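Protein chains: 2
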Amino acid sequence: MSLIVQKYGGTSVGNIERIKAVAERVAKTIKEGNQVIVVVSAMAGETDKLIGLAQQISPNPGEREMDMLLSSGERVTSALTAMAIEALGHKARAFTGRQAGIITNTMHTKARIEKISGERIKKAIAEGYAVVIAGFQGVTEGESDVTTLGRGGSDLSAVAVAAATNADLCEIYTDVDGVYTTDPNIVPEARKLEKISYEEMLELASLGAKVLQTRSVEFAKKFKVPVVVRSSFNYNPGTLVVEEDKEMENVVVSGIAYDKNQTKITVVNVPDKPGIAARLFDTIAAANVVVDMIVQNISSDGKFADISFTVPKTDTKKALEVTEAVAKELGAERVDKREDTSKVSIIGVGMRTHSGVAAKMFQVLAGHNINIMMISTSEIKVSCVIDLKFTELAVRVLHEAFELAG
Amino acid sequence: MSLIVQKYGGTSVGNIERIKAVAERVAKTIKEGNQVIVVVSAMAGETDKLIGLAQQISPNPGEREMDMLLSSGERVTSALTAMAIEALGHKARAFTGRQAGIITNTMHTKARIEKISGERIKKAIAEGYAVVIAGFQGVTEGESDVTTLGRGGSDLSAVAVAAATNADLCEIYTDVDGVYTTDPNIVPEARKLEKISYEEMLELASLGAKVLQTRSVEFAKKFKVPVVVRSSFNYNPGTLVVEEDKEMENVVVSGIAYDKNQTKITVVNVPDKPGIAARLFDTIAAANVVVDMIVQNISSDGKFADISFTVPKTDTKKALEVTEAVAKELGAERVDKREDTSKVSIIGVGMRTHSGVAAKMFQVLAGHNINIMMISTSEIKVSCVIDLKFTELAVRVLHEAFELAG
Chain A
0 MSLIVQKYGG TSVGNIERIK AVAERVAKTI KEGNQVIVVV SAMAGETDKL IGLAQQISPN
60 PGEREMDMLL SSGERVTSAL TAMAIEALGH KARAFTGRQA GIITNTMHTK ARIEKISGER
120 IKKAIAEGYA VVIAGFQGVT EGESDVTTLG RGGSDLSAVA VAAATNADLC EIYTDVDGVY
180 TTDPNIVPEA RKLEKISYEE MLELASLGAK VLQTRSVEFA KKFKVPVVVR SSFNYNPGTL
240 VVEEDKEMEN VVVSGIAYDK NQTKITVVNV PDKPGIAARL FDTIAAANVV VDMIVQNISS
300 DGKFADISFT VPKTDTKKAL EVTEAVAKEL GAERVDKRED TSKVSIIGVG MRTHSGVAAK
360 MFQVLAGHNI NIMMISTSEI KVSCVIDLKF TELAVRVLHE AFELAG
Chain B
0 MSLIVQKYGG TSVGNIERIK AVAERVAKTI KEGNQVIVVV SAMAGETDKL IGLAQQISPN
60 PGEREMDMLL SSGERVTSAL TAMAIEALGH KARAFTGRQA GIITNTMHTK ARIEKISGER
120 IKKAIAEGYA VVIAGFQGVT EGESDVTTLG RGGSDLSAVA VAAATNADLC EIYTDVDGVY
180 TTDPNIVPEA RKLEKISYEE MLELASLGAK VLQTRSVEFA KKFKVPVVVR SSFNYNPGTL
240 VVEEDKEMEN VVVSGIAYDK NQTKITVVNV PDKPGIAARL FDTIAAANVV VDMIVQNISS
300 DGKFADISFT VPKTDTKKAL EVTEAVAKEL GAERVDKRED TSKVSIIGVG MRTHSGVAAK
360 MFQVLAGHNI NIMMISTSEI KVSCVIDLKF TELAVRVLHE AFELAG
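So this is what it looks like as structure tokens:
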């Protein structure tokens, strides 16, 4: 008998028919001899509706109250899902994040899970209940206030609960069949991956392939929780996210990701002296803007530097304001920005053991006259910032060059 | 400085504009030098919407999960109302029933409040916050499960919180101006009462004048909480519900109530022996049907009895099934039912000290050829079951006969 955690996203519980379909799948999993813990998101659109109500009341609603508001959506689906499972003749219990023992810090609207005291879940499972947990939410120590885990937080709830209960598998149900070598909307030949390592999934998730929330992958990696990403609309097998193995190392590139949500900002001709980068990025961080890539060049005479970096498009205004203030202070000539950029990345754990991968990427892009504005690399990833209009072309030619099609 | 509890019903928080109006009223109350605790219902229609969702899933959803589902509506309004108060520049905190310390028994969907450990409310009030509490909900001992208090439960939340915090006044905001001598839709001359005793309010509430939930009046009476019923749509003074005083005793009849939700069931020709009524009503109670009036007649030869009683119309089917089974067992001739009946009642604490009130009621009805099928009396009330179609006529002529118009 296995203990399986199944997480269903907003579209998977988007209406009563979908909730009944989820219950059918849970019942099937039970009949196959498993114990099941279900984690549910709010019905698709509910969270946005609640945010809309709050914004009609206040441009800047308090975050504690925001969490009380937003956490209601998952309570509704958890109760309805438990009822639907019971209607099929199986025992089921709905638990809030608090009742499931998900303890977080007090960072409202983006709280971090500190521990899970899953006693109540374990007891219910032992008593033969299917347990349905409201995702996305937790409670602060001492059970005083309700918190939420930020967008995509239900993925994290599921993985964390799987870790706390030593579950054998964590299934993330969504509206796609799994993780693909790239976006099938751009490359129809894109192939569904059978298996992918946590590291690769992490790079894919953080690079804009919105299948799994980044923190949930980090959590799965840390606690070695095997995760399957699959569709709740069919019974296809999905993609398994697990620890890296020998077989994976033979694949140099597993996938191509892209992110169109990038603004490139350049501080031009900063008089070069120690600490300029620190000064700049400290200030930007203090403004709560997350910087992605950073490149610094020194002029030929060694006296001036250009510092370029990328930020999410939504933060462009805030980032520019801060940057211009610091640039002035540092004596820079000017600040440039480019919003018509995107980031294209190749990912694969095989890069660790294969050389020349980055060079091949640059050649392929150059061969199609795609100019590279910035480059950033990690052990298992190479990213290039390019002109926005070449995004699809770049993804297609890289997918072909690295022979990712089925 | 007074501590005032204000309860706002579903229509009073029915949309964003209404919630903002509630916040304005709270702000006004604060500016007048008071501390305020707000208790809110779900937005009008929300609870029914949630019940509808549950019924689409299961004809008989689990009550524990039902409570988790239903309690979400009040969480939403409490969070939004706190945001709206803060948007007006006052400090506000939203609390769930659990956070407010409302501890109930485990009777899901109709839980009873066992105690209120209002420490967190008192602390927040002392720190200068307006406290907004999600009505209708509590939590079981040990804070394990969410419970709801049954329809109209937010009134009870408000009165109980007022009692627990020694509030000076509990204001119940609704969509009517207060308590009237009778339904103004039937009698346009109906007069708003300035003041009414707990006992009278209790009779009115339980007789179908749906202004205040019955249990909340019992609670207010027990803990001597002064309650005001008033409209959230204007600043009219409303009706004060307090302990009986001398002045009230001079008024023989304060109001006329009616209840169209009555089915009369008669068990005809039961062989009369000790214990038949006990046997019948024990069985009906075991089926969870609440019986209202009971009348028993013995035939002239003393050998047979007719037992008549009334039940809510919605329980007709269940009550009939049970009654027919018991009637057979007791050797009764047959069971009759009449669904076209209603109950009309006169209420007034003055009845205690004035005689002939019931006789006058019967004369008035007889004078208009309204046949009385059943009679029931209490210290401060006389009720008659009559033909449904005479309801409005009876209310009008009684209102006139007892000179209740302004």
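Taken in order, these protein sequences are the chains called A and B. Under numbering that gives the first Met the number 0, the residues of the first sequence are numbered 0 to 405, in order. Under numbering that gives the first Met the number 0, the residues of the second sequence are numbered 0 to 405, in order. Glycine included, C-beta positions come from ideal geometry on N, C-alpha and C. This structure is a prediction, so every number in the text was calculated from the model and none was measured.
Chain-ordered neighbours of residue i on chain A, where CB pairs are closer than 7 angstroms
{"i": "V4 (chain B)", "result": "The premise fails here: V4 (chain B) is roughly 20 angstroms from chain A at the closest Cβ pair, so nothing lies under 7 angstroms."}
{"i": "E64 (chain B)", "result": "A78, A81, M82 and A93"}
Within chain A, partners of residue i - CB distance below 8 angstroms
{"i": "K19 (chain B)", "result": "I56"}
{"i": "L49 (chain B)", "result": "V75"}
Residues that residue i bridges to, as DSSP identifies them
{"i": "D335 (chain B)", "result": "B:T265"}
{"i": "A91 (chain B)", "result": "B:A129"}
{"i": "T340 (chain B)", "result": "B:Q261 and B:D386"}
{"i": "T376 (chain B)", "result": "B:V381"}
{"i": "F308 (chain A)", "result": "A:I264 and A:I293"}
{"i": "F303 (chain B)", "result": "B:P270"}
{"i": "T80 (chain B)", "result": "In the DSSP output, where bridge partners are listed per residue, T80 (chain B) has none listed."}
{"i": "G177 (chain B)", "result": "DSSP, once it has assigned bridges, lists no residue as partnering G177 (chain B)."}
{"i": "I112 (chain B)", "result": "B:T103"}
{"i": "Y197 (chain A)", "result": "In the DSSP output, where bridge partners are listed per residue, Y197 (chain A) has none listed."}
Cross-chain neighbours of residue i in chain B, by beta carbon under 9 angstroms
{"i": "R74 (chain A)", "result": "M67, L68, S70, S71, R74 and V145"}
{"i": "A26 (chain A)", "result": "Under the 9 angstroms cutoff, chain B gives no residues; its nearest Cβ is about 14 angstroms from A26 (chain A)."}
{"i": "A86 (chain A)", "result": "I56, S57, P58, N59 and P60"}
Residue i, buried or exposed, once every other Cβ within 10 Å from all chains shown has been counted against 16
{"i": "F222 (chain A)", "result": "exposed"}
{"i": "V289 (chain A)", "result": "exposed"}
{"i": "Q54 (chain A)", "result": "exposed"}
{"i": "H367 (chain A)", "result": "exposed"}
{"i": "D339 (chain B)", "result": "exposed"}
{"i": "Q136 (chain A)", "result": "buried"}
{"i": "G96 (chain A)", "result": "buried"}
{"i": "P187 (chain B)", "result": "exposed"}
{"i": "G128 (chain A)", "result": "Residue 128 (chain A) is actually Tyr in this sequence, not Gly. Per the 10 Å Cβ criterion, buried."}
{"i": "M373 (chain B)", "result": "buried"}
{"i": "K48 (chain A)", "result": "exposed"}
Three-state class that DSSP yields for residue i in the structure shown
{"i": "G152 (chain B)", "result": "helix"}
{"i": "A365 (chain A)", "result": "helix"}
{"i": "I185 (chain A)", "result": "coil"}
{"i": "D167 (chain B)", "result": "coil"}
{"i": "F401 (chain A)", "result": "coil"}
{"i": "T146 (chain A)", "result": "strand"}
{"i": "L211 (chain B)", "result": "coil"}
{"i": "L329 (chain B)", "result": "helix"}
{"i": "K223 (chain B)", "result": "coil"}
{"i": "L192 (chain B)", "result": "coil"}
{"i": "V394 (chain A)", "result": "helix"}
{"i": "S230 (chain A)", "result": "strand"}
{"i": "E242 (chain B)", "result": "coil"}
{"i": "T46 (chain B)", "result": "helix"}
{"i": "A256 (chain B)", "result": "strand"}
{"i": "Q55 (chain B)", "result": "helix"}
{"i": "T103 (chain A)", "result": "strand"}
{"i": "V348 (chain A)", "result": "helix"}
{"i": "G117 (chain B)", "result": "coil"}
{"i": "V250 (chain B)", "result": "coil"}
{"i": "T139 (chain A)", "result": "strand"}
{"i": "K316 (chain A)", "result": "helix"}
{"i": "V21 (chain B)", "result": "helix"}
{"i": "V12 (chain B)", "result": "coil"}
{"i": "V288 (chain A)", "result": "coil"}
Closer than 7 angstroms at the beta carbon, the chain B residues around residue i
{"i": "E142 (chain A)", "result": "E142"}
Beta-carbon neighbours of residue i, restricted to chain B and to distances below 8 angstroms
{"i": "E407 (chain A)", "result": "Any property of residue 407 (chain A) remains undetermined from this structure, which presents chain A solely from 0 to 405."}
{"i": "I15 (chain A)", "result": "L52, Q55 and I56"}
Residue i beta carbon near the ligand HEM (any heavy atom closer than 6 angstroms)
{"i": "A204 (chain B)", "result": "Here there are no bound small molecules, and the ligand HEM is not part of this structure."}
> the segment 89-123 of chain A: which residues have C-beta closer than 9 angstroms to a C-beta of chain B, in chain order?
Replying inline: A91, R92, A93, F94, T95, R97, Q98 and R119
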